[in-house]
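Take a look at the structure below.
4 protein chains.
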Amino acid sequence: MGEIDNDIDVDIESQWLSDDDLETLRGKIPIVYVEAVPVRLDELGRVTHVGLLRRAMADGTISLAIVSGRVLWGESLREALMRNLDKDLGPAAFPRLPASPTPFTVAEYMPDPIQTGFHDPRQHAVSLAYVVPIQGHCEPARSALEFSWVETHEAGGLAVSAEMTGGQDRIVRRALAHVGRLP
Amino acid sequence: MGEIDNDIDVDIESQWLSDDDLETLRGKIPIVYVEAVPVRLDELGRVTHVGLLRRAMADGTISLAIVSGRVLWGESLREALMRNLDKDLGPAAFPRLPASPTPFTVAEYMPDPIQTGFHDPRQHAVSLAYVVPIQGHCEPARSALEFSWVETHEAGGLAVSAEMTGGQDRIVRRALAHVGRLP
Amino acid sequence: MGEIDNDIDVDIESQWLSDDDLETLRGKIPIVYVEAVPVRLDELGRVTHVGLLRRAMADGTISLAIVSGRVLWGESLREALMRNLDKDLGPAAFPRLPASPTPFTVAEYMPDPIQTGFHDPRQHAVSLAYVVPIQGHCEPARSALEFSWVETHEAGGLAVSAEMTGGQDRIVRRALAHVGRLP
Amino acid sequence: MGEIDNDIDVDIESQWLSDDDLETLRGKIPIVYVEAVPVRLDELGRVTHVGLLRRAMADGTISLAIVSGRVLWGESLREALMRNLDKDLGPAAFPRLPASPTPFTVAEYMPDPIQTGFHDPRQHAVSLAYVVPIQGHCEPARSALEFSWVETHEAGGLAVSAEMTGGQDRIVRRALAHVGRLP
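In order, the protein sequences belong to chains D, G, U and X. Just so it is clear: in the first sequence, position 73 is 76 by the working numbering, and no numbers are missing. Just so it is clear: in the second sequence, position 90 is 93 by the working numbering, and no numbers are missing. Just so it is clear: in the third sequence, position 102 is 105 by the working numbering, and no numbers are missing. Just so it is clear: in the fourth sequence, position 60 is 63 by the working numbering, and no numbers are missing.
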């Protein structure tokens, strides 16, 4: 889970917390995250494609990934979702946040890779995951190298899973199941 | 629940079923319905308004109502939702069907008003209810006399409930709870 | 989907509907079904096993299957779930129906095997699917030949899927995703 | 939200975090909470009663409350739920944790009482809320003075709401809506 923090993040987040502080907190308390699975819908609302980023991850790999980021102090979940979608997909993505605040699943990332099957070497993170339809055009920003739309049957398959880390492939498959598109 | 069937309905549905046939079926088998609570969202996806129709209902009243209609043989739930949204809100409503096929609640309408609290004098209907964001402009069509947007705090209140029949006010309040906007 | 109707069914259901009547209805109107994925939970509520029946199916195969049955006129979804669980798993299963009436998914079975990926040669059925923890002991009843508990990682795998028909393997995988146990 | 921390809490949690540390963290980062609405079910799974504690709250009032507590570092959501249920309802409650890890709603408690409608003077907390059926006998423990079962129509009413603080009455009403029992 999670991309390497870069300059932009530090600028935004340092209003609240220094890097050292965050490092310390990560060993003491679970960190709240939001994650978004970007999707394209057809005219009847069916998911046709899943959007995936290619980026440098916290575990040192270059992997496929979904949108993911920390919730800041005083920030609502919706604000955190919108901020992270903007940072990862660019200003022309026009994401449509869901009407319900309930995530379709919750992932518990742990430093121990065995405990839950979700792994983040840096921290214990509790991540609320949402399916987010995208109306506009995505341009990979921040640390992302690439963005691409993948058809649903491919997004849930082995080839894509093999390129994801930390358990994010399981979030993609849970999202596909939630929207009735898991093969 | 349910508006009085009118000419347009009969035209569309008579490909499958005569009025007499439908009458007979209604006493023998539960009928599948879809219902939609039309909503307006702000830029962060929060529901700000609920859309309500004013129409002649099956119980003989003129009441506030949500979008509601039968699923036809061979028709998917998404097609039924879209067809009934079009019929009730007009062709410029541009409803955005949800990515997930799972309804936010299920209502069981019975001829006996006591059994479930959802009442339809004509039939036993099992209704799958969805929250549907509306992007366009609604024009009441079919048997509807009027359409209006009501603020969330008002939509869940007693004055609106008193003008709804069959238990549809409970569907509106469940929808508001689902999207985190029940007062 | 759906086992071959047998004597017990006819006895119970003939209060409402003759076999001939039902046959006619099936070509005219979608039929309401409930389906249950029986599960075993550990002490923290995690699903450890999925219960599968082996039975003669409507498509002529002997296949693995979940609990499935029609909702009768005037019967609530909960009553239909409990009646079908009792019929399929026996009187000592002690199923714990979920507190929420919302299914975890909805499956649309069609005579056309392509349309939705859920296939029932007899009918268009709209099926509300629930995860149902089982506290007691299951004894296959009715037309079922066998009942067995399968570990979650196996239940979502290819070998089990290959033995299921009509798309029920997809309901099992959606159930596993819903409870956070899809591999 | 949240009871006053007492000795038992400190003993358990001090393995991870001192009181001073926690105080500091609360101003820097959102804190992960779990909340449980205890319920009694009838034989068909319908919620008949909601369980409410009476306790000294963080805002200085003696109020009705649901089960609520922080998730500790390295602790899973299920473990946190079970630990807080045990602490609040005693060892004979036998709570049945839900099969799905998805909460029925998420509440965002803020020091600013206006921002979200959920208020905690001490912190920004993101709380995952679950409906938890109780099989056993509840004995108020920890800082709770009393525990009582309240019928669903009463639990969603004004008299009970007036005795709850921080917005927990809204969580109760969302829970009732989720299980189809909101009046």
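Glycine is no exception: its CB is placed at the ideal position from the N, C-alpha and C atoms. This one's a predicted model, so the numbers in the text were calculated from it and none came from an experiment.
Residue environment, U/D115, which counts as buried when at least 16 other CB atoms sit within 10 Å: Exposed: under 16 other Cβ atoms inside 10 Å.
Buried/exposed call for U/L84, threshold 16 Cβ in 10 Å: Its Cβ being crowded by 16 or more others within 10 Å, U/L84 is buried.
In DSSP terms, what X/W152 is bridged to: Looking at the DSSP output, X/W152 shares a beta bridge with X/G54.
Selection of the segment 90-117 of chain D by Cβ proximity to chain U, strictly under 7 Å: Per Cβ criterion, the list reads T108.
Exposed unless 16 or more other CB atoms sit within 10 angstroms - verdict on D/E111: Here D/E111 is buried, its C-beta having at least 16 other C-beta atoms within 10 Å.
Minimum Cβ-Cβ distance from U/R177 to chain D less than 8 Å: Chain D, which has a Cβ nearer than 8 Å to the Cβ of U/R177, makes this yes.
Chain X residues whose Cβ lies nearer than 9 Å to that of G/A128: Those within 9 Å of G/A128 in chain X number zero; the least Cβ separation is about 16 Å.
Contact set between the segment 156-175 of chain D and chain U, restricted to residues whose Cβ is under 8 Å from the partner: Cβ contacts with chain U: R173.
Three or more C-beta pairs below 8 Å linking the segment 133-144 of chain X and the segment 29-45 of chain U: Contact between the segment 133-144 of chain X and the segment 29-45 of chain U is not established, with fewer than three Cβ pairs separated by less than 8 Å.
Among G/Y36, G/G183, G/H181 and G/R173, nearest to G/L67 - alpha-carbon criterion: Of G/Y36, G/G183, G/H181 and G/R173, the residue nearest in Cα terms is G/R173.
Below-8 Å beta-carbon distance, U/L82 vs any chain X residue: Correcting the residue type first, residue 82 of chain U is Glu in the shown sequence and not Leu. Against chain X, the CB of U/E82 has a partner CB under 8 Å away; the residue lies at that interface.
Nearest-angstrom beta carbon gap, U/L55 and U/S151 [assumed within contact, 8 Å]: The Cβ separation is near 6 Å, so the contact holds.
Contact list for G/L47 against chain A, beta-carbon separation under 9 Å: Of the protein chains in the structure, D, G, U and X, none is chain A.
Residue range of the unbroken alpha helix (DSSP H) whose run includes G/L47: Run containing G/L47: none; DSSP gives neither H nor E here.
Neighbour-count burial assignment, U/D14, 16 or more Cβ in a 10 Å radius: Bear in mind that a pLDDT of 42 at U/D14, under 50, signals an unreliable position, so the number given afterwards is only what the model happens to contain. In summary, U/D14 is exposed, with fewer than 16 beta-carbon neighbours lying within 10 Å of its beta-carbon over all protein chains present.
Residues of its chain near U/A95, where Cβ-Cβ distance is below 6 Å and the 5 sequence neighbours each way are ignored: If we look at U/A95 and ignore the five residues flanking it on each side, its Cβ neighbours are G139 and H140.
Touch test, the segment 68-84 of chain G against the segment 40-53 of chain D, Cβ-Cβ under 8 Å, three pairs minimum: Short answer: they touch.
Contacts of G/V74 in chain U (Cβ-Cβ under 8 Å): The answer, in chain order, is P33 and V129.
Own chain residues within Cβ distance below 8 Å of X/L131, not counting five before or after: V35, Y36, V37, E38, L80, P106 and V109.
Residue closest to U/Y133, alpha-carbon to alpha-carbon, out of U/M60, U/D23, U/G160 and U/G72: It is U/G72.
Whole-angstrom C-beta distance between D/G159 and D/V175, which should lie under 8 Å: Going by Cβ atoms, the distance from D/V175 to D/G159 rounds to 7 Å, so yes, they are a contact pair.
Simplified DSSP assignment, three categories, for G/S130: DSSP places G/S130 in strand when its eight states are reduced to three.
Minimum Cβ-Cβ distance from G/G183 to chain X less than 8 Å: Chain X, which has a Cβ nearer than 8 Å to the Cβ of G/G183, makes this yes.
Beta-bridge pairing of D/P41 - partner residues as DSSP gives them: Its beta-bridge partners are D/V135.
Cα-Cα separation, G/D22 to G/A144: Using only the alpha carbons, I get a separation of about 21 Å.
8 Å Cβ cutoff met for X/G169 and X/F121: Yes. Within cutoff.
Under 7 Å from the C-beta of D/L44: neighbouring residues of chain G: Within 7 Å Cβ-Cβ: A102.
Classification of G/I69 by the beta-carbon crowding that lies within 10 angstroms, buried from 16 upward: Around the beta-carbon of G/I69, 16 or more other beta-carbon atoms lie within 10 Å, marking it buried.
Proximity test, Cβ basis, 8 Å: D/T64 and chain X: It does not; no Cβ of chain X falls within 8 Å.
Contacting residues, own chain, Cβ-Cβ under 7 Å from U/E157 (five flanking each side not counted): Take U/E157, set aside five residues on each side of it, and the residues of its chain with a beta-carbon closer than 7 Å to its own are V163, in chain order.
Interface residues of the segment 132-151 of chain D facing chain G [CB-CB below 8 Å]: Listed in sequence order: V134 and P136.
Straight-line gap, G/E149 to D/P186 (C-alpha atoms, nearest Å): So the alpha carbons of these two residues sit roughly 43 Å apart.
Of the listed residues D/P41, D/D123 and D/G77, nearest to D/F97 (C-alpha basis): Selected option, being the one with the closest Cα: D/P41.
For U/H122, the residue or residues it bridges with in DSSP: Note: U/H122 sits in a beta bridge opposite U/M113.
Reduced DSSP category for G/I174 - H, G, I as helix; E, B as strand; rest coil: DSSP places G/I174 in helix when its eight states are reduced to three.
Below-8 Å beta-carbon distance, D/G77 vs any chain X residue: Chain X contact via Cβ: present.
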